[in-house]
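Colleague:
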Amino acid sequence: MTGRPLVQVLIASTRPNRAGEPTARWVAEQAAAGGAFDVEVVDLAEIDLPMLAEPGHPSERNYQMPSTRAFSEVIDRAEAYVFVMPEYNHSYNAALKNALDHLFWEWRGKPVILVSYGGVAAGARAAAALGPVLISLQLSVVGFVPIPLIDQHLHLHDGRRLFRPTEPIEHSLAKALDALHRAVQPRTV
Ligand SMILES: Cc1cc2nc3c(=O)[nH]c(=O)nc-3n(C[C@H](O)[C@H](O)[C@H](O)COP(=O)(O)O)c2cc1C
Numbered sequence: 001m002t003g004r005p006l007v008q009v010l011i012a013s014t015r016p017n018r019a020g021e022p023t024a025r026w027v028a029e030q031a032a033a034g035g036a037f038d039v040e041v042v043d044l045a046e047i048d049l050p051m052l053a054e055p056g057h058p059s060e061r062n063y064q065m066p067s068t069r070a071f072s073e074v075i076d077r078a079e080a081y082v083f084v085m086p087e088y089n090h091s092y093n094a095a096l097k098n099a100l101d102h103l104f105w106e107w108r109g110k111p112v113i114l115v116s117y118g119g120v121a122a123g124a125r126a127a128a129a130l131g132p133v134l135i136s137l138q139l140s141v142v143g144f145v146p147i148p149l150i151d152q153h154l155h156l157h158d159g160r161r162l163f164r165p166t167e168p169i170e171h172s173l174a175k176a177l178d179a180l181h182r183a184v185q186p187r188t189v
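Structure, rendered in structure tokens:
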């Protein structure tokens, strides 16, 4: 226990060679650099949830499947989230919806930053489409970092793909992380 709030950076894309992995790694580094948070990366490709097959509604929290129980434990321990999410066919990706649908209480009432990416539209349509889902789960969006033309930000370094931000993107994430920090601090007045 460090006393710092735990932020999970969730990699929504599950594809091989996804842009989401280097992008999320950069986001996690930025979140950790300020020293205000403990940071954990949650990779939906590693979590590998099946399509939702629980007999009960997630709000009953009566999970039958070991995969749901394990995912519940992971998500429950965070105070806040950053979703690093691609745009697929003008919306968010199916793996993200499936992960969100698996749980309820674990997400409820917590703040989230959306880091969306894609082509010229920067994943903005994906983020907009996610809005009603987040309302249903009572997740509060406190920051939005749209990244246009994601391929142009990815560079090979020592055989690894790295995300290289522009200054506005870096500034936008810093502002969003500030808002996330304020959202997890108890009010004193
Ligand atoms: C199934 C599919 C649909 C896509 N649809 C869109 C789209 O509607 N808008 C967009 O800007 N990019 C779209 N793209 C391009 C993705 O944003 C781009 O490939 C990005 O790298 C995907 O993220 P990922 O590599 O982390 O999976 C699509 C890509 C895929 C695989």
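Here our numbering is used: the first residue of the sequence shown is 1, the next is one more, and so on.
Ideal Cβ positions, reconstructed from N, Cα and C, are used throughout, including at glycine.
Everything numeric in this text was worked out from a predicted model, so none of it was measured.
When you get a sec, list the residues whose CB is within less than 6 Å of any heavy atom of ligand 1, chain order please.
Modeller: Those residues, listed in chain order, are 13, 15, 18, 19, 20, 86, 87, 88, 89, 90, 118, 119, 121 and 150.
Colleague: Pull up the distance between the alpha-carbon of residue 7 and that of residue 170, whole angstroms please.
Modeller: Rounded to the nearest angstrom, the two C-alpha atoms are 18 Å apart.
Colleague: Pop quiz: residue 165 and residue 153 are said to be a contact at Cβ under 8 Å. What is the actual Cβ separation, rounded to whole angstroms?
Modeller: Yes, they are in contact, since the Cβ atoms of residue 165 and residue 153 sit about 7 Å apart, within 8 Å.
Colleague: For the segment 104 to 140, list the alpha helix (DSSP H) runs that are entirely contained and at least 4 residues long, ordered along the chain.
Modeller: You should have 124 to 136.
Colleague: Could you work out which residue in 25, 3 and 33 is closest to residue 162 when comparing CA atoms only?
Modeller: The option with the nearest alpha carbon to residue 162 is 25.
Colleague: Hey, quick one: how far does the beta strand (DSSP E) through residue 8 stretch, first residue to last?
Modeller: Its beta strand (DSSP E) spans residues 6 to 11.
Colleague: Since residue 38 is in the beta strand (DSSP E), which residue starts that stretch and which ends it?
Modeller: Taken as a continuous stretch (DSSP letters only), the beta strand (DSSP E) holding residue 38 covers 38 to 43.
Colleague: Rounded to whole angstroms, what is the Cα-Cα separation between residue 79 and residue 185?
Modeller: Each residue's alpha carbon lies about 10 Å from the other.
Colleague: What does DSSP give as the partner residue(s) for residue 143 in the beta ladder?
Modeller: Per DSSP, 113.
Colleague: Quick check: residue 134 and residue 98, are their CB atoms within less than 9 Å of each other?
Modeller: Not in contact: residue 134 and residue 98 (Cβ atoms no closer than 9 Å).
Colleague: Report the rounded CA-to-CA distance for residue 44 versus residue 10, giving the unit in angstroms.
Modeller: C-alpha separation (whole angstroms): 7 Å.
Colleague: Under the DSSP definition of a beta bridge, which residues are partnered with residue 160?
Modeller: 157, per the DSSP bridge assignment.
Colleague: State the beta-bridge partners of residue 91 as determined by DSSP.
Modeller: DSSP, once it has assigned bridges, lists 88 as partnering residue 91.
Colleague: Beta-carbon within less than 6 Å of residue 150's beta-carbon, same chain only, minus the 5 sequence neighbours each way: which residues are those?
Modeller: Cβ neighbours of residue 150 beyond the five flanking positions: 19 and 117.
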